[in-house]
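Okay, so here's the structure we're looking at.
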């Protein structure tokens, strides 16, 4: 979709403002009384990655939407420096004027451009977490879901880095995307399904995670819930739905 073809609609009901691309489903949602709250379940699921890694020092977000992920990182992860790449300048303008996205500073840089090209231009071993959340009416843009792109992401990740991809379980290409991720990351892919709608966060790990014990994950979830207020215990429970495990361990 060319930049000048994008149609942005905004709705507001019951104190929640939503961003839509034309007739598409909701792209982003913000509680007007609490702009940092992660209203949509899949955005909360993304931070389930903190069960496995420390807060990233360098993070790249491809696809801005209303800025929900960017705002939460900026507000709640003070050690993280985030770069956002958004194809459409008008999306950035709306995120800042209508969805309380803060201005750029030392920890937040928002750039208008092509996300795939940005990744290919990064040096190796430079980013701790890459998040791919760029959707249109037809799904993920092909350059952001190719085997070459996933391999390029892995090359840019630091030692224990992760690529997180927002997928739709009902997408007929879901299995293909998961297979490509597995090929690029030697099979080290976890899927965390959101409890609302059909989103699935796929986490592709640069290094093995040593098959963490459920008990250890549950302990870490308690610590993270106290720190961030997200439903980490539910994330742990939901990992059994789409991943190999036994009664003691999650296999990854």
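Numbering (full-length UniProt numbering), first residue to last: 1 to 252.
In this text, a Cβ means the ideal position worked out from N, Cα and C, and glycines have one as well.
| Item | Value |
| --- | --- |
| Taking the C-alpha atoms as reference points, what is the distance between residue 161 and residue 25? | 31 Å |
| Buried or exposed for residue 222, going by 16 or more other Cβ atoms inside 10 Å? | exposed |
| Does the Cβ-Cβ distance between residue 73 and residue 59 come in under 8 Å? | yes |
| Restricting to Cα atoms, I'd like to know which of 237, 153 and 107 is closest to residue 119. | 153 |
| Quick check on DSSP: helix, strand or coil for residue 53? | coil |
| Counting pairs of beta carbons, one from the stretch 121 to 138 and one from the stretch 164 to 184, are three or more of them closer than 8 Å? | yes |
| List the residues that DSSP assigns as beta-bridge partners of residue 230. | According to DSSP, which records beta bridges pairwise, residue 230 is partnered with nothing at all. |
| Using DSSP bridges, identify the partner residues of residue 193. | 200 |
| Among the candidates 45, 9 and 12, whose CA atom is the shortest distance from the CA of residue 197? | 45 |
| Apart from the five residues on each side of it in sequence, which residues of its chain come closer than 6 Å, Cβ to Cβ, to residue 204? | 163, 181, 185 and 189 |
| Is residue 91 near residue 64, with beta carbons less than 8 Å apart? | yes |
| Run through the DSSP bridge pairs and tell me what residue 17 is partnered with. | 12 and 30 |
| To the nearest whole angstrom, what separates the beta carbons of residue 39 and residue 21, a pair I think is in contact under 8 Å? | About 17 Å; that fails the 8 Å criterion. |
| Quick one: is residue 17 buried, meaning 16 or more other Cβ sit within 10 Å of its Cβ, or exposed? | buried |
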